[in-house]
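Inspection log for the structure reproduced underneath, given as C-alpha cells.
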Amino acid sequence: MPKKVDHTKRKILIAEATWNVIIRDGLEKATVREVAKEAGLSAGALRHYFSTQSELLAFSMELVSDRVRDRALSKKYTGPPMDVMLELLGEFLPIDDERRVEMEVWLVFSSRTLIDKKLHALSQEVYTDMKQAVQHVIEGLIQLGFAKTDIDKEIETRKLHALIDGIALHALLHPNEYSVETMLETVRSHLKSLCMKEEKA
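Shown next, in the form of C-alpha cells:
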C-alpha cells in the first residue's frame with residue numbers, strides 16, 4: 037500500500053530546504069533542481085508542489101511571515117508594560133538562531149521583490165503587519181499614560197518601525213557590533229525617550 041504523504045508537511049520541508057540553499061549559496065542558487073536536491077526529492081516531485089521558482093519563493097517567504105506572526109500571537113505576554121513591548125518588538129529582531137535564520141532569508145528575499153510582482157505584494161503585506169505591531173506599541177505607551185503629551189503617533193510609529201528594521205539589518209551585517217543585549221537595550225532606550233518619566237514605564 038502506497039505511503040500517504042502529508043502534503044502540508046512536504047511543502048514546509050521544501051520551503052525550509054529553500055531557506056537552507058539561500059543562506060548557504062545565495063538566492064541565485066535557489067533553483068527548483070537545487071532545492072529538490074536539498075529536500076531529498078526529485079525535481080519532478082518538487083514541481084508537483086511548485087511549478088516555478090517564483091511560486092517556490094513566494095511560499096517560502098510566506099512561511100517566514102506566518103511563523104513570525106504565529107509566534108507573536110501565541111505568546112502570553114506578562115510582566116511590566118515596557119518589558120512586554122520590548123518582547124513584542126523582539127519578534128522582528130535576530131535575537132536567537134530561529135529568528136536570525138528568518139531575518140536572513142527575509143533580507144535576501146526582499147531584494148527579489150523589486151523585480152517579482154508576486155513577491156512584492158507579499159512583502160507589502162508583511163510590511164503592513166509589522167507596522168501595525170509597532171503602532172500597537174506606540175498606542176500602548178499613549179493609552180497607559182507613559183508617553184509625552186506632545187507625541188505624534190504617526191511619526192513615532194514610522195520612527196520606531198525604521199529603527200527596528202535598521203537594527204535588524206545592522207545585526208545581520210555586523211553581528212559583532214550588535215549583540216542581543218545591544219539590540220534590546222537600543223530599543224528600550226528609544227521607548228524610554230518617548231515617555232514622560234523613565235521610572236513610570
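The sequence shown maps to residues 37 to 237 in the numbering used here.
For each residue, glycine too, the CB sits at the ideal point set by N, CA and C.
Taking three-plus beta-carbon pairs below 8 Å as touching, is the stretch 171-190 in contact with the stretch 97-115? no
Report yes or no: do the stretch 191-211 and the stretch 117-132 share at least 3 C-beta pairs separated by less than 8 Å? yes
What separation, rounded to the nearest whole angstrom, lies between the Cα atoms of residue 140 and residue 186? 37 Å
I need the boundaries of the alpha helix (DSSP H) containing residue 163, first residue and last residue. 153-179
Heavy atom of the ligand SAM less than 7 Å from the Cβ of residue 231, yes or no? Within the structure as shown, the ligand SAM is missing, as the structure has no ligands at all.
DSSP three-state assignment for residue 183, whether helix, strand or coil: strand
Mind checking which residues open and close the alpha helix (DSSP H) that includes residue 121? 117-125
Could you please give the first and the last residue of the uninterrupted alpha helix (DSSP H) stretch that includes residue 56? 43-61
Sorted by chain position, which residues of the same chain lie with C-beta nearer than 8 Å to residue 193's C-beta, five sequence neighbours on each side aside? 167, 170, 171 and 174
Hey, residue 162 and residue 96 are a contact pair by Cβ (cut 8 Å); roughly how many whole angstroms apart? Not a contact, Cβ separation roughly 13 Å.
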